[in-house]
Each structure stands twice: as C-alpha cells, then as structure tokens.
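Student: Numbering (full-length UniProt numbering), first residue to last: 1 to 306.
One structure, as structure tokens, below. Some questions next.
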C-alpha cells in the first residue's frame with residue numbers, strides 16, 4: 001500500500017491526470033446506476049397495476065401471461081427451444097500476447113418479434129424493442145464449433161479443455177407469467193391523416209410511371225401534365241377515403257412498447273413485482289458502494305499528491 005502511495009507522489013502529471021479522470025468517470029457511472037436503479041424500483045412500487053381492457057393510454061403496469069400469436073413460432077437460436085423472446089451471444093476464446101486468452105464476441109442477437117400478452121380481461125401486442133428484460137431462463141455452455149450442435153455441447157471445465165473453444169450464452173422469456181411496465185397505446189388503422197395517406201399513395205403510383213401514364217394520360221402525349229396530375233390527386237383522395245371507411249370497422253390493436261422518454265423505463269420481467277423491485281434496489285446499493293469507493297480513491301489520490 002505504501003508503495004502505491006509513493007508512486008502517486010512521483011508519477012508524471014499526465015499519468016496522475018489520467019488516473020483521476022478514469023476514477024472520476026467510474027464514480028459518475030456508478031452514480032448514474034444508483035439513480036437509474038432506484039428510479040426503476042420506485043416506479044415499480046408506486047405505479048398501480050392495470051388491466052388490459054381498462055388500461056389508460058400512456059405509462060402503465062400490467063401483470064398477466066405471454067404467448068405467441070396463433071400461427072407464430074419463435075425459437076431460441078442456440079437451444080432451439082420455443083419462447084416469446086430471446087437474446088443470445090457467442091464468444092470465441094482467442095490467444096493474445098504473452099500466452100493470455102480472452103473471449104471475443106463473434107455473433108449475437110436479440111428478438112424483436114412482437115408477441116401476445118393477456119390477462120383475464122383481454123390481450124394486447126408487446127413490442128419488445130428497447131426493453132430492460134428479466135428473463136425466465138438463462139443458459140451458458142461451451143463447445144468446439146461456432147454454432148452449438150446436438151451431441152457436441154461441452155460444459156464446464158471439460159468443454160474448455162477440448163478443441164477450439166466457444167462460449168454460448170442464451171436468455172429466454174418462455175410462455176407464461178410476465179410483468180410489464182411500459183407505454184400503452186391503442187393503434188387504429190385510421191390513425192394517420194387523410195392527406196398523409198394520399199401522399200403515400202401518390203408516391204407509390206409515381207414509382208411505376210408506366211401504370212401512372214396508362215391510367216391518367218388523357219391526352220395521349222406520353223406524360224402527366226398539371227391537369228392530369230390534379231385528376232390523379234382526386235382519384236387518390238377518393239381511394240383513400242373509401243379504404244378508410246372500410247378500415248374503420250376493423251378492431252383497434254392495443255400495444256405495449258418503449259416510451260419516447262428515458263424517464264419511463266420499459267421493463268419486461270418473468271418474475272413478480274416484489275422480487276423485481278428488490279433486484280433493482282440491490283443493484284442500486286451495489287452501485288452506491290462502487291460510487292463511495294471511487295470517491296474515497298479520489299480523496300486519497302489528491303491528499304497524497306498535494
């Protein structure tokens with residue numbers, strides 16, 4: 001310890017400044033984790049649980065079950081097991097200088113496929129993009145090929161000693177209990193304005209000039225003049241109005257997704273509220289310990305140096 005303190009007195013100003021900046025960044029990062037995790041725990045504890053049928057538009061908390069939509073199948077890429085959401089990572093062990101080894105990511109992925117959430121009152125779609133996920137199953141194992149194959153999985157120490165080494169990690173949310181905290185929207189097929197749909201339809205028509213000319217070139221000159229373009233706009237408006245009248249009879253779709261502000265975390269967890277809240281509080285306490293240690297190191301560094 002005395003040797004380290006002595007080094008702090010003698011190292012160059014540049015090296016001392018770099019050490020200070022590194023420790024300061026670590027302290028700020030830990031402080032951010034304290035705030036983020038305490039905020040998540042408080043939101044979980046303070047937000048009332050809603051039902052799908054009566055959920056208000058905006059930020060809501062829901063408890064129910066998850067399943068795939070009829071005719072839909074989601075399989076975890078590494079184990080091939082059915083689920084509603086997955087995340088995976090494949091690392092390769094590579095040798096560096098001085099015979100050292102380290103794990104390097106060679107492939108990863110996270111499911112973005114929407115799935116069905118339901119309770120006793122109704123169901124809605126879940127868009128999992130951007131969610132902070134607490135999975136229902138997690139698995140880590142080793143093997144000799146970049147993709148795990150049946151009968152060739154190597155676990156633990158034995159897997160690390162045989163052949164070329166790969167590490168496989170997979171997380172899943174299986175069908176069953178699910179807790180959601182996110183932004184609840186009711187999406188209707190007529191939510192966009194008539195003018196937006198008219199412009200979109202005209203853009204599609206303009207992509208196929210041959211069809212556009214065949215349909216609206218009334219004077220036969222092979223092009224679309226100002227009057228003919230006005231007729232095209234009127235025709236597009238009529239088609240949009242007719243299509244919206246048809247779509248207005250379709251049922252609305254409820255959706256839970258990430259909000260537009262970081263103030264509202266999007267949580268998706270395969271565990272009950274009390275356990276989830278406790279998990280975030282433990283993370284906050286650990287981050288607070290890290291922040292305190294980093295601050296203590298900064299104080300020691302300055303007291304020794306100056």
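Glycine included, every Cβ here is placed at the ideal spot set by N, Cα and C.
(1) Under a Cβ-count criterion, where at least 16 other Cβ atoms within 10 Å of its own Cβ denotes burial, should residue 75 be classed as buried or exposed?
(2) With distance defined between alpha-carbon atoms, name the residue in 85, 84, 88, 106 nearest to residue 94.
(3) Of the residues 204, 290, 176, which one's Cα is nearest the Cα of residue 67?
(4) For residue 59 and residue 264, what's the separation of their Cα atoms in angstroms?
(5) May I ask you to list the residues that DSSP assigns as paired with residue 168?
(6) To the nearest angstrom, how far is it from the Cα of residue 224 to the Cα of residue 246?
(7) Should the region 76-83 be regarded as contacting the region 166-185, the criterion being three or more beta carbon pairs within less than 8 angstroms?
(8) Mind checking which residues open and close the alpha helix (DSSP H) that includes residue 204?
(9) Just to confirm my understanding: we take residue 294, look at its own chain, exclude 5 residues before and 5 after, and list those with CB closer than 7 angstroms. What are they?
(10) In whole angstroms, what separates the C-alpha of residue 262 from that of residue 279?
(11) DSSP on residue 81, reduced to helix/strand/coil?
(12) So, using beta-carbon positions, are residue 205 and residue 212 closer together than 7 angstroms?
(13) Give the DSSP-derived three-state secondary structure of residue 173 in the structure shown.
(14) In whole angstroms, what is the alpha-carbon distance linking residue 51 and residue 104?
(15) Helix, strand or coil: how does DSSP classify residue 233 here?
(16) Using a 10 Å radius around the Cβ and a threshold of 16 neighbouring Cβ atoms, would you call residue 187 buried or exposed?
Tutor: In terms of the structure at hand:
(1) exposed
(2) 106
(3) 176
(4) 7 angstroms
(5) 90, 141
(6) 30 angstroms
(7) yes
(8) Segment 194-206, the alpha helix (DSSP H) holding residue 204.
(9) So the qualifying residues of the chain are 23, 26, 27, 30.
(10) 20 angstroms
(11) coil
(12) Yes, the pair counts as a contact, with Cβ atoms nearer than the cut-off.
(13) strand
(14) 44 angstroms
(15) helix
(16) exposed
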